[in-house]
């Protein structure tokens, strides 16, 4: 289930304690958030080339990050959480509200269970946001979805950015990473509109490919027990 907003958090553990990091994340860090009001679900990912981990939390809205319960959780971390947060590197945190979503026609599976995720961030000047959004929504995404392995794209305006001042985020859900080398993607990146925007100095996004890691978590009431939902 998707919400109207998302929170993305990335961390990189040391290889010597990567297993410990994953156990902490799956049995403590995410479950504690899955009882917070406004949190719907969570899915973890691992960078396709190195031990950097991302989690995408599905939220009702970004107001889920402003509740007293969530503030208390962040202000009073457990001992293991304090240690992890002090020792991981490349920590990032971005929260945004959904502005667009399109799914490939005819899917009989949930695209949230896609094996691969691509995150794309941009810092878009206010006076260029309208054209940027029109290009992305009206041309770019429909052309990408012509590829059978491109399952869904979700777009967000970033409201809370740390450390980079990104303003726009796109999440692309792929059946196979070969979609990135597909003729459909090549065509989408060679249109006159795309080339026109590419000439502007701000049009320099950050692209990262992830593989799904573990099962999806779903929210449970505070009196229940957070659980991981198997994909498929």
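Residue numbers (this note's numbering): 493 to 724.
Beta carbons: idealized from backbone N, C-alpha and C, even for Gly.
Note that the coordinates shown come from a computational prediction; the quantities given were computed from them, not determined experimentally.
Can the beta-carbon of residue i be found less than 8 Å from the beta-carbon of residue j?
i: residue 652; j: residue 545; result: no
i: residue 635; j: residue 603; result: no
i: residue 711; j: residue 526; result: yes
i: residue 531; j: residue 567; result: no
i: residue 648; j: residue 598; result: no
i: residue 554; j: residue 529; result: no
i: residue 503; j: residue 578; result: no
i: residue 533; j: residue 709; result: yes
Let me confirm a value: residue i is counted as buried when at least 16 other C-beta atoms fall within 10 Å, else exposed. Which label applies?
i: residue 541; result: exposed
i: residue 501; result: buried
i: residue 722; result: Confidence at residue 722 is low in this model, with a pLDDT of 49, below 50, so the placement of that residue is unreliable and no value is reported for it.
i: residue 497; result: buried
i: residue 717; result: Confidence at residue 717 is low in this model, with a pLDDT of 47, below 50, so its placement is unreliable and no value can be given for it.
i: residue 656; result: exposed
i: residue 581; result: exposed
i: residue 507; result: exposed
i: residue 626; result: exposed
i: residue 601; result: exposed
i: residue 513; result: buried
i: residue 550; result: buried
i: residue 624; result: buried
i: residue 505; result: buried
i: residue 499; result: buried
i: residue 646; result: buried
i: residue 698; result: exposed
i: residue 678; result: exposed
i: residue 563; result: exposed
i: residue 511; result: exposed
Could you give the first and the last residue of the continuous alpha helix (DSSP H) run that contains residue i?
i: residue 635; result: 633-636
i: residue 562; result: 560-567
i: residue 677; result: 675-680
i: residue 458; result: Any property of residue 458 remains undetermined from this structure, which presents the chain solely from 493 to 724.
i: residue 689; result: 684-690
i: residue 523; result: 522-525
For the beta strand (DSSP E) that residue i lies in, which residues bound it at each end?
i: residue 502; result: 497-504
i: residue 629; result: Per DSSP, residue 629 belongs to no beta strand (DSSP E) and is neither H nor E.
i: residue 571; result: Where residue 571 is concerned, there is no enclosing beta strand (DSSP E), although the alpha helix (DSSP H) it sits in stretches over 571-579.
i: residue 706; result: 698-710
Per DSSP, residue i is paired with what?
i: residue 587; result: 499 and 652
i: residue 663; result: 611 and 646
i: residue 545; result: 503 and 538
i: residue 551; result: 497 and 531
i: residue 623; result: According to DSSP, residue 623 bridges with nothing at all.
i: residue 595; result: 644
Query - the stretch 639-647 / the stretch 690-705 touching (three or more Cβ pairs under 8 Å) - result: Look at the beta carbons and you see the stretch 639-647 not touching the stretch 690-705: under three pairs across the two are nearer than 8 Å.
Query raised in the report: Counting Cβ pairs, one atom from each stretch, are 3 or more of them under 8 Å apart for the stretch 511-521 and the stretch 673-688?
Result: The stretch 511-521 makes no contact with the stretch 673-688; the number of CB pairs closer than 8 Å stays below 3.
Query raised in the report: Does the stretch 617-631 come within contact of the stretch 566-580, defined as at least 3 CB pairs closer than 8 Å?
Result: No, they do not touch.
Query raised in the report: Okay, do the stretch 698-706 and the stretch 531-540 touch, 3+ Cβ pairs below 8 Å being the bar?
Result: The stretch 698-706 makes contact with the stretch 531-540; the number of CB pairs closer than 8 Å reaches 3 or more.
Query raised in the report: Hey, is the stretch 610-630 in contact with the stretch 657-670, meaning 3+ C-beta pairs nearer than 8 Å?
Result: Yes: the two stretches touch, three or more of their Cβ pairs being nearer than 8 Å.
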